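Below is one structure; the comments refer to it alone.
Numbering (UniProt numbering), first residue to last: 1 to 560.
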């Protein structure tokens, strides 16, 4: 929070820098897109910081009560920032980039924790048309080196308290910048801002590069997902369809920096002039999350299913969530047991949403609609969703196929430009005028989508096609099971059989494993079709996961 406080002191220092007058004023277009959720006829020129944040800053009035743009809490202390402050700070940061000759089209890598500077810098980068990527502070030196070598940034911006040790990275980067730390080879952004002028930024078009995300690497090394400035605008659909945002909302999304979910939440929130709420706590505590939901006027909450399951505990009933009126889950299917338990606690049904790093929201349970436990929700018309068989022909209602987005008559807004430097991946993902998500689903008679599995996670056993999620959901109902992952393993008679890797609850670790495995197998048989039960069970201390927490099934399949 250091940048904002110091900016107020030196706001008059330095001469403002300006680019030529803008050719196009997008104010009416932005307002119309927000009102209708339609961005199909949006002008070619668009810059999120200049067209959205600056717009709300211009209309902000101290005489009118409104929610802040950004609300940060750290160690029990609360700090808010208005849209006017975000606009001012991002212009000053843009001035720093301008002074160092970093311009539109250059690349910068961020490695920052959840701190206000992350959001300030992100807006400054977008203002300047600088392409950026983020990496979690939990990353190793290897992770960082890989991303620097692939992304080739001109600058790295980190924080002296980051867990990543940049000294271990041998790859040369022209500039290294910290928030306030000044060491050998490092510049302090805070110090540089004292002498920098404001810079309004560059004109950018919808097709200019904006953000690169690295995939989570479930089936190999992470790939670079390229998004343009149209992706930032496309989250007007995410905000309207998935989050149902209004300018009075205070929205808390638990996603950490470095992941696409932060972009989902941030850009959609600010498009609707709402408030992005951030708790900077580094460690997750169910009690602390429940307390924050009680103590602050948070109206909307988004978290992965794992978090919701942890929030439902013996302490949950001690809290009162007066402001909370809407909850969303994403990242993986939510088991019905957790949904019903949360409804009993809060009187709110968790609405599920489905999207990818490569897309905006693709399907969701709309606000006020019927929530079908376990469903992904209804497909969004803006995404041109189809379900295809192996021949890339549409399947019949009720049949399992691969979820895809049609590129005809036009490419859906918010869909990735492509995978950078990965022609094989592009060839697999874009076929016959479709973008293939790699997710197997089916659609019921009411139009709701149901997740079956990743395309490469389907288990074929004795002619049956078995998705692992259903079995994992049943396993979680057993008191001995803390976590599980189901894969298919080769079998001479059945082609594949179901194998479950199980992490045991602490009070079950001393049980006879053979007897416990038999008990769990019978438990599954009683709750789902018998052919689905895990014929092999292996008890493990932990499951291999990506940095974003997704289970790496490819590693489990390779275990003998």
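All residues carry an ideal CB built from backbone N, CA and C; glycine is no exception.
In this text, all values refer to a predicted model and were calculated from it rather than measured experimentally.
Give the straight-line distance between the Cα atoms of residue 181 and residue 519, rounded to the nearest whole angstrom. Counting from 1 along the chain shown, the entry for residue 181 is found at position 181. Counting from 1 along the chain shown, the entry for residue 519 is found at position 519. Cα to Cα, residue 181 sits roughly 57 Å from residue 519.
Residue 329 versus residue 184: straight-line alpha-carbon distance, rounded: Within the chain shown, residue 329 is the residue found at index 329, counting from 1. Within the chain shown, residue 184 is the residue found at index 184, counting from 1. Cα-Cα distance, rounded: 44 Å.
When the Cβ atoms of the stretch 185-201 are set against those of the stretch 88-106, are three or more pairs found closer than 8 Å? yes
Per DSSP, cross-strand counterpart(s) of residue 108: Position 108 of the chain shown, counted from the start, is the residue given in the question as residue 108. Its beta-bridge partners are 132 and 155.
Note down the Cα distance separating residue 22 from residue 203, rounded to an integer number of angstroms. Within the chain shown, the letter at position 22 stands for residue 22. Within the chain shown, the letter at position 203 stands for residue 203. With a pLDDT of only 41 at residue 22, under 50, the local geometry of the prediction cannot be trusted, and no value is derived from it.
Leaving out five residues before and five after residue 243 in sequence, what residues of the same chain have Cβ atoms less than 7 Å from its Cβ? For the purposes of this step, residue 243 is taken as the residue at position 243 of the chain shown. Within the same chain, residue 243 has close Cβ partners 251, 268, 300 and 328.
Does DSSP put residue 198 in a helix, in a strand, or in coil? Position 198 of the chain shown, counted from the first residue, corresponds to residue 198. In this structure, residue 198 counts as coil in the three-state DSSP scheme.
Use the C-beta contact count for residue 370: other C-beta atoms within 10 angstroms, 16 or more gives buried, fewer gives exposed. Translated into the one-based positions of the chain shown, residue 370 becomes position 370. Exposed: under 16 other Cβ atoms inside 10 Å.
Own chain, CB closer than 7 Å to residue 100, minus 5 neighbours either side, in chain order: One-based indexing of the chain shown puts residue 100 at position 100. When the five nearest sequence neighbours on each side are left out, the beta carbons in the same chain lying within less than 7 Å of the beta carbon of residue 100 are those of 175, in order along the chain.
Quickly, what does DSSP pair residue 224 with across the bridge? List them, please. Within the chain shown, the letter at position 224 stands for residue 224. Bridge partners of residue 224: 214 and 420.
Quick one: residues in its chain with C-beta nearer than 6 Å to the C-beta of residue 105, no 5 flanking neighbours on either side, listed in chain order? Your numbering for residue 105 matches position 105 in the chain shown. Result list for residue 105: empty, nothing under 6 Å.
Can the beta-carbon of residue 236 be found closer than 8 Å to that of residue 34? Start at 1 with the first residue of the chain shown, and residue 236 comes out as number 236. Start at 1 with the first residue of the chain shown, and residue 34 comes out as number 34. Yes, these two residues count as a Cβ contact at 8 Å.
Looking at the strands, I want to know which residues DSSP matches up with residue 536. The residue given as residue 536 occupies position 536 in the chain shown. 499.
Is it true that the CB of residue 275 sits closer than 8 Å to the CB of residue 295? As a working note, residue 295 is residue 295 in the chain shown. As a working note, residue 275 is residue 275 in the chain shown. Not closer than 8 Å, so no.
Identify whether residue 281 lies in helix, strand or coil by the three-state DSSP scheme. Your numbering for residue 281 matches position 281 in the chain shown. Coil at residue 281, not helix or strand.
Residue 377 - partner residues in DSSP beta bridges: One-based indexing of the chain shown puts residue 377 at position 377. Note: residue 377 sits in a beta bridge opposite 449.
With distances taken Cα to Cα, identify the nearest neighbour of residue 36 among 111, 131 and 271. Your numbering for residue 36 matches position 36 in the chain shown. It is 271 whose Cα lies nearest to the Cα of residue 36.
Quick one: residues in its chain with C-beta nearer than 7 Å to the C-beta of residue 163, no 5 flanking neighbours on either side, listed in chain order? The residue you call residue 163 lines up with position 163 of the chain shown. With a pLDDT of only 48 at residue 163, under 50, the local geometry of the prediction cannot be trusted, and the value read off the model is given with reservation. Taken in chain order, the residues that qualify are 137 and 138.
Proximity of residue 447 and residue 378 at Cβ, strictly below 8 Å: By one-based count along the chain shown, residue 447 stands at place 447. By one-based count along the chain shown, residue 378 stands at place 378. Their beta carbons are under 8 Å apart, which means residue 447 touches residue 378 by this criterion.
Test item: CB-CB of residue 442 and residue 470 under 8 Å: Within the chain shown, residue 442 is the residue found at index 442, counting from 1. Within the chain shown, residue 470 is the residue found at index 470, counting from 1. No.
8 Å contact criterion, which residue 226 and residue 418 should meet: CB distance rounded: One-based indexing of the chain shown puts residue 226 at position 226. One-based indexing of the chain shown puts residue 418 at position 418. Right, the Cβ-Cβ distance comes to about 6 Å (below 8 Å), so this counts as a contact.
With a threshold of 6 Å on Cβ separation, who are the neighbours of residue 56 within its own chain once the five nearest residues in sequence on each side are excluded? Position 56 of the chain shown, counted from the first residue, corresponds to residue 56. 83 and 273, listed in sequence order.
Pull up the distance between the alpha-carbon of residue 345 and that of residue 478, whole angstroms please. Counting from 1 along the chain shown, the entry for residue 345 is found at position 345. Counting from 1 along the chain shown, the entry for residue 478 is found at position 478. Whole-angstrom Cα-Cα distance: 22 Å.
Enumerate in chain order the residues of its own chain whose CB-to-CB distance from residue 146 is below 8 Å, with the five nearest sequence positions on each side excluded. In the chain shown, counting from the first residue as 1, residue 146 sits at position 146. 221 and 222.
If you check the beta carbons only, do residue 365 and residue 385 fall under 8 Å apart? On the chain shown, residue 365 is found 365 positions in, with the first residue counted as 1. On the chain shown, residue 385 is found 385 positions in, with the first residue counted as 1. It is not a contact, given that the beta carbons lie outside the stated cut-off.
Starting from residue 436 and walking both ways along the beta strand (DSSP E), at which residues does that stretch end? For the purposes of this step, residue 436 is identified with residue 436 of the chain shown, where counting begins at 1. That run of the beta strand (DSSP E) goes 434-443.
Whether or not the stretch 534-541 and the stretch 489-504 are in contact is what I'm after, with contact meaning three or more pairs of Cβ atoms, one per stretch, closer than 8 Å; do they touch? yes
Would you grab the beta carbon distance between residue 547 and residue 280 for me? Rounded to a whole angstrom, and I think it's under 8 Å. Here residue 547 refers to the residue found at position 547 when the chain shown is read from its first residue. Here residue 280 refers to the residue found at position 280 when the chain shown is read from its first residue. With 8 Å as the limit, residue 547 and residue 280 do not qualify as a contact, their Cβ atoms being about 19 Å apart.
Per the DSSP calculation, residue 326 is bridged to which residue(s)? Reading the chain shown from its first residue, position 326 is the one you call residue 326. According to DSSP, residue 326 bridges with 300.
With burial defined as no fewer than 16 other Cβ atoms inside 10 Å of the residue's Cβ, what is the status of residue 320: buried or exposed? For the purposes of this step, residue 320 is taken as residue 320 along the chain shown, with counting starting at 1. Result: exposed.
Less than 8 Å between the C-beta atoms of residue 112 and residue 266, yes or no? In the chain shown, counting from the first residue as 1, residue 112 sits at position 112. In the chain shown, counting from the first residue as 1, residue 266 sits at position 266. Not in contact: residue 112 and residue 266 (Cβ atoms no closer than 8 Å).
Using DSSP with H/G/I as helix, E/B as strand and the rest coil, what is residue 431? Here residue 431 refers to the residue found at position 431 of the chain shown. In this structure, DSSP gives residue 431 an extended state, which the three-state scheme calls strand.
Where do the ends of the alpha helix (DSSP H) carrying residue 95 lie? Locating residue 95 in the chain shown gives position 95, counting from the first residue. 83-99 is the span of the alpha helix (DSSP H), which, as asked, contains residue 95.
What do you get for residue 140, buried or exposed, if any count of 16 or more other CB atoms within 10 angstroms of its CB means buried? To locate residue 140, count along the chain shown from 1; it is residue 140. Exposed, because fewer than 16 other Cβ atoms sit within 10 Å of the Cβ of residue 140.
Pick helix, strand or coil for residue 635, following the three-state DSSP scheme. Outside the shown range of the chain (1 to 560) lies residue 635, about which nothing can therefore be said.
Once you ignore the five residues that flank residue 124 on each side, which residues in its own chain have a CB closer than 6 Å to its CB? To locate residue 124, count along the chain shown from 1; it is residue 124. Within the same chain, residue 124 has close Cβ partners 90, 93 and 94.
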